[in-house]
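Residue numbers (my numbering): 17 to 286. Cβ coordinates follow ideal geometry from the N, Cα and C atoms, glycine included. Since we're looking at a predicted model, the values are computed, not measured. Below is one structure, written out as structure tokens, with a few remarks after it.
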């Protein structure tokens with residue numbers, strides 16, 4: 017995995033890039049290389065966390081320049097910690113701004129098979145998951161907070177890719193991006209009980225100190241493997257957002273009025 021900060025002019029986003037496939041751009045944004053200020057410093061393009069809209073616009077434009085796309089080819093949803101998975105198709109760029117917003121309202125996972133269309137999700141301690149299907153030239157981006165993880169959104173996205181594109185889980189590649197670690201994700205008994213009730217292997221994903229701690233990375237990795245994704249095809253970044261809040265946004269560390277990481281994937285046009 018490599019970092020990149022190469023761009024011509026203006027703000028320059030610094031990205032953590034993932035080598036998921038030769039013809040695929042996949043990354044998580046860091047806090048560096050943007051125009052935002054304060055708890056949003058520096059790079060944030062999420063409209064729902066209180067950041068200045070002019071700074072968001074500058075960051076958005078800089079990211080699109082870096083990716084070599086125009087603004088309508090970058091799509092990410094307004095997430096609600098649910099399990100709705102939605103396809104972004106070839107008609108996306110021709111939709112009005114209001115229709116695009118409506119299509120991705122209340123959505124927590126997006127998928128596409130359109131080259132040159134970058135799809136992503138926003139996180140700040142929650143777990144981002146990227147999927148890529150080389151056989152069908154399809155990909156997905158998943159927002160898996162504890163609620164979504166417990167509701168098995170990762171599994172539902174694998175199922176949606178199979179139904180929509182014909183994807184075979186055994187052929188998928190996956191990236192589990194920066195998020196809060198087991199060490200720092202302390203939860204109440206009620207959260208532990210949700211995972212237990214949903215049938216997770218609690219000995220593998222939880223441990224107790226003064227309170228319960230839950231491993232959302234491992235929970236999502238196990239969900240992928242349960243669906244048939246090979247363990248060797250799953251890359252876990254291992255970057256804890258809480259521990260590294262200087263480089264990545266952490267809502268627990270910085271408060272909810274802070275920026276969000278964008279984790280995204282795009283099949284490159286030939």
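Top-ranked residue by Cα proximity to residue i, from the options
i: residue 189; options: 286, 81, 241, 105; result: 241
i: residue 153; options: 162, 126, 182, 168; result: 182
i: residue 159; options: 122, 214, 245, 208; result: 122
i: residue 244; options: 58, 174, 164; result: 174
i: residue 225; options: 203, 268, 165, 209; result: 203
i: residue 33; options: 251, 286, 269, 285; result: 251
i: residue 269; options: 106, 227, 197; result: 197
i: residue 177; options: 167, 146, 207; result: 146
i: residue 151; options: 172, 162, 186, 157; result: 186
i: residue 106; options: 86, 131, 84, 100; result: 131
i: residue 333; options: 29, 247, 129, 267; result: Since the first residue shown for the chain is 17 and the last is 286, residue 333 is missing from the structure and cannot be characterised.
i: residue 102; options: 229, 110, 124; result: 124
Limits of the alpha helix (DSSP H) - the one that residue i falls within
i: residue 239; result: 232-242
i: residue 80; result: 69-83
i: residue 205; result: 205-213
i: residue 280; result: Careful: residue 280 lies outside any alpha helix (DSSP H), inside the beta strand (DSSP E) at 277-283.
i: residue 181; result: 169-181
i: residue 270; result: 267-270
Beta-carbon contacts of residue i that lie in its chain and below 7 Å, excluding the five residues immediately before and after
i: residue 264; result: 46, 47, 194, 255, 257, 277
i: residue 133; result: 89, 91, 104, 108, 282
i: residue 234; result: 220, 221
i: residue 165; result: 143, 232, 235, 236
i: residue 239; result: 168, 170, 171
i: residue 259; result: 197, 200
i: residue 99; result: 124, 164, 167, 169, 172
Residue range of the unbroken beta strand (DSSP E) whose run includes residue i
i: residue 136; result: 134-139
i: residue 124; result: Counting along the chain, residue 124 falls outside any beta strand (DSSP E), and DSSP gives it neither H nor E.
i: residue 189; result: 189-192
i: residue 158; result: 154-160
i: residue 103; result: 101-103
i: residue 224; result: 222-224
i: residue 263; result: Element bounds for residue 263: n/a, residue is neither H nor E.
i: residue 251; result: 250-252
i: residue 201; result: From DSSP, residue 201 is part of no beta strand (DSSP E); its letter is neither H nor E.
i: residue 146; result: 143-149
i: residue 216; result: Segment: none, residue 216 is in no beta strand (DSSP E) and carries neither H nor E.
i: residue 52; result: That residue, residue 52, is in no beta strand (DSSP E); it is neither H nor E in DSSP.
i: residue 33; result: 31-33
Where residue i falls, given that 16 or more other Cβ within 10 Å makes a residue buried
i: residue 76; result: buried
i: residue 115; result: exposed
i: residue 205; result: exposed
i: residue 199; result: exposed
i: residue 18; result: The predicted position of residue 18 is uncertain, since its pLDDT is 41 and thus under 50; a value taken from the coordinates is nonetheless stated next. Exposed.
i: residue 213; result: exposed
i: residue 89; result: buried
i: residue 223; result: exposed
i: residue 35; result: exposed
i: residue 261; result: buried
i: residue 217; result: exposed
i: residue 148; result: buried
i: residue 64; result: exposed
i: residue 67; result: buried
i: residue 24; result: Any reading at residue 24 needs caution, since the residue's pLDDT is 39, under 50, leaving its predicted position unreliable; the model's value is listed next. Classification for residue 24: exposed.
i: residue 86; result: exposed
Contacts around residue i, its chain only, beta-carbon distance under 6 Å, and the 5 residues preceding and following it disregarded
i: residue 184; result: none
i: residue 161; result: 97, 142
Any chain B beta carbon closer than 7 Å to residue i
i: residue 103; result: Looking for chain B here will not work: only one protein chain is present.
Sequence-distant residues of the same chain with beta carbon closer than 8 Å to residue i, five excluded per side
i: residue 71; result: 50, 51, 52, 53, 56, 60
Problem - Stretch pair the region 133-147 + the region 90-99: three plus CB contacts closer than 8 Å - result: Yes, they touch.
Taking three-plus beta-carbon pairs below 8 Å as touching, is the region 24-41 in contact with the region 269-276?
-> Counting Cβ pairs under 8 Å, fewer than three are found: no touch.
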